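See structure below.
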Amino acid sequence: MEFLRKGVDWLGAFLLAAGIGLFLLGLTLGSTGVSWSSGKVLGTLCRGAAGFLALAIHQIFINKHSILDHDLWTRNFCVASFRCFVEGFVYYAILLFFQQETATLWESQPYLINVRMLAFFVTSGVVAPCVGWYTRRTKDLKYPLIRGWLLILIGFIILTTATESSNYTSIRGLFIAGFSFSVLLALLFAVAQLATLRHLLGLTTGQLIAARRASQTVGAAVLAAVYNAKVEVVLPEEVTTAALNASLPSSSVPAFLTALTGGNTTALSSIPGATSAVIEVASAAAKHAYVESFHYGWYTALPFAIIALLSVFLLDGKKIKAQMTWLVERPVAPTVHRGHLDAEHGAGSRRVSVLSTERRTSL
1 MEFLRKGVDW LGAFLLAAGI GLFLLGLTLG STGVSWSSGK VLGTLCRGAA GFLALAIHQI
61 FINKHSILDH DLWTRNFCVA SFRCFVEGFV YYAILLFFQQ ETATLWESQP YLINVRMLAF
121 FVTSGVVAPC VGWYTRRTKD LKYPLIRGWL LILIGFIILT TATESSNYTS IRGLFIAGFS
181 FSVLLALLFA VAQLATLRHL LGLTTGQLIA ARRASQTVGA AVLAAVYNAK VEVVLPEEVT
241 TAALNASLPS SSVPAFLTAL TGGNTTALSS IPGATSAVIE VASAAAKHAY VESFHYGWYT
301 ALPFAIIALL SVFLLDGKKI KAQMTWLVER PVAPTVHRGH LDAEHGAGSR RVSVLSTERR
361 TSL
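The UniProt record's numbering puts the first residue of the sequence shown at 1, with every later residue one more than the last.
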């Protein structure tokens, strides 16, 4: 009870929950059909932003060692936190946006959509042990992260080139992105925790997870908004043009467009002038409009990947390598000193050394 009364920053926790909850709610409302200019969306977003502003004032001037402890904000930790946020955005784009694109354009069976996702997850699983072996041998985290973000960038570029008739191009992009995912997820947390004082390791992990989860909601809202804005313009234009060029009467266009985009084949066959040739041409135009709209979603994700790639160069690789030791910073077992291990197993033993009394300098 004493810890709950004095050890928890209740005001900071309330401001954080209010700010992030309301802001993410506003993004979700805006991405699910509610107008972005409506009072419901703008009011929720503004209240969330006000919560964030109040939290910033509280953490900067009132309580400097609570939820956003000032000892955390070293250069390496800031870079790792930002990249963890972007990684969550990227992961959402691959996990859900790609599945939506596949279901709309190429596959209708859920199990076939999941089979395509194996190109990403199997590759990640195979690469993960190799990354662990490499970092253990070289104590290098910076350059694997550079390669990882570079592969994400290449994968996204390939995904922007997929067309309605070359759907396997998207699998190649997913395959290349899979090489990087295991690198990013593991090493981002490692960099952040190596840059943190040992008594803040738990807080570090919590903040990284929260940033990643929040970015997935932001990613959902941003990608949905971009896709919907594009498809609402392109789809009617291309379908109408294609149908009229195929000799569909102009009076039948509104009903034809509604039936085609809604997938109502029964209604399509009853529309005057909607022959099989017209339906075929219009369906091809609709698929092209969907492809173009999905491309804009991938275009939106590309700048985030580029910025994350450039931010990796800000990491101090030498300081990271200096912390890549066998020292356990927060042991749950009794303290075991290096000398005891050397005496029992010989000098230079690679067994883990536990030392809980020495304070580490943050990076």
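Just so it is clear, CB atoms sit at the ideal spot from N, CA and C, and this is done for glycine as well. As the structure is a computational prediction, the values presented were derived from the model and not from experiment.
Backbone secondary structure at residue i - three-state DSSP
| i | result |
| --- | --- |
| L68 | coil |
| L141 | coil |
| L315 | coil |
| L197 | coil |
| L24 | helix |
| L95 | helix |
| L327 | strand |
| residue 402 | Residue 402 is absent from the model: the chain starts at 1 and stops at 363. |
| W10 | helix |
| T74 | coil |
| T266 | helix |
| Q109 | coil |
| T32 | coil |
| A190 | helix |
| A214 | helix |
| P236 | helix |
| L248 | coil |
| T300 | helix |
| S37 | coil |
| P272 | coil |
| D342 | Any reading at D342 needs caution, since the residue's pLDDT is 47, under 50, leaving its predicted position unreliable; the model's value is listed next. Here D342 sits in helix by DSSP. |
Cβ-heavy atom distance, residue i to the ligand ADP, below 6 Å
| i | result |
| --- | --- |
| V79 | Summarising the ligand content, the structure contains no ligands, and the ligand ADP is consequently not present. |
Contacting residues, own chain, Cβ-Cβ under 7 Å from residue i (five flanking each side not counted)
| i | result |
| --- | --- |
| L55 | G12, L15, L16 and G19 |
| A214 | I20 and L24 |
| S293 | Y227, K230, V231 and V234 |
| L248 | F256, G273, A274 and V278 |
| R350 | In this prediction, R350 scores a pLDDT of 45, lower than 50, which makes its location untrustworthy; the coordinate-derived value is nonetheless stated afterwards. Contacts found: W326. |
| R172 | I158 |
| V34 | K40 and V41 |
Local Cβ density within 10 Å of residue i, reported as buried at 16 or more and exposed below that
| i | result |
| --- | --- |
| L151 | buried |
| residue 369 | Not covered by the structure: residue 369. The range shown for the chain is 1 to 363. |
| P144 | buried |
| A122 | According to the sequence shown, residue 122 is Val rather than Ala. By the neighbour-count rule (16 or more Cβ atoms within 10 Å), V122 is not buried but exposed. |
| G202 | exposed |
| N76 | buried |
| Y290 | buried |
| A177 | buried |
| S124 | buried |
| V115 | exposed |
| Y111 | exposed |
| R137 | exposed |
| T258 | exposed |
| S182 | buried |
| G148 | buried |
| I158 | buried |
| F120 | buried |
| V126 | exposed |
| A243 | buried |
| I67 | buried |
| F89 | buried |
| G262 | exposed |
Own chain partners of residue i with C-beta closer than 6 Å, once the 5 adjacent residues on each side are dropped
| i | result |
| --- | --- |
| A162 | T169 and S170 |
| F52 | G19 |
| A225 | S31 |
| A284 | none |
| T240 | V253 |
| C84 | L188, L208, A211 and R212 |
| I146 | V312 |
| W10 | none |
| V86 | F304 and A308 |
| I154 | I176 |
Sequence-distant residues of the same chain with beta carbon closer than 8 Å to residue i, five excluded per side
| i | result |
| --- | --- |
| W131 | Going by the sequence as given, residue 131 is Val instead of Trp. Once the five neighbours on either side are set aside, the close Cβ partners of V131 are P144, S182, V183, A186 and L187. |
| K287 | L105 and E164 |
Contact with chain D by residue i, beta-carbon distance below 7 Å
| i | result |
| --- | --- |
| T163 | Protein chain content of the structure displayed is limited to a single chain, and chain D is not contained in it. |
Whole runs of the alpha helix (DSSP H) within the region 118 to 183, excluding any shorter than 4 residues
142 to 159
Okay, do the region 87 to 104 and the region 199 to 219 touch, 3+ Cβ pairs below 8 Å being the bar?
yes
How do the region 186 to 196 and the region 68 to 82 stand: do at least 3 beta-carbon pairs fall below 8 Å, yes or no?
yes
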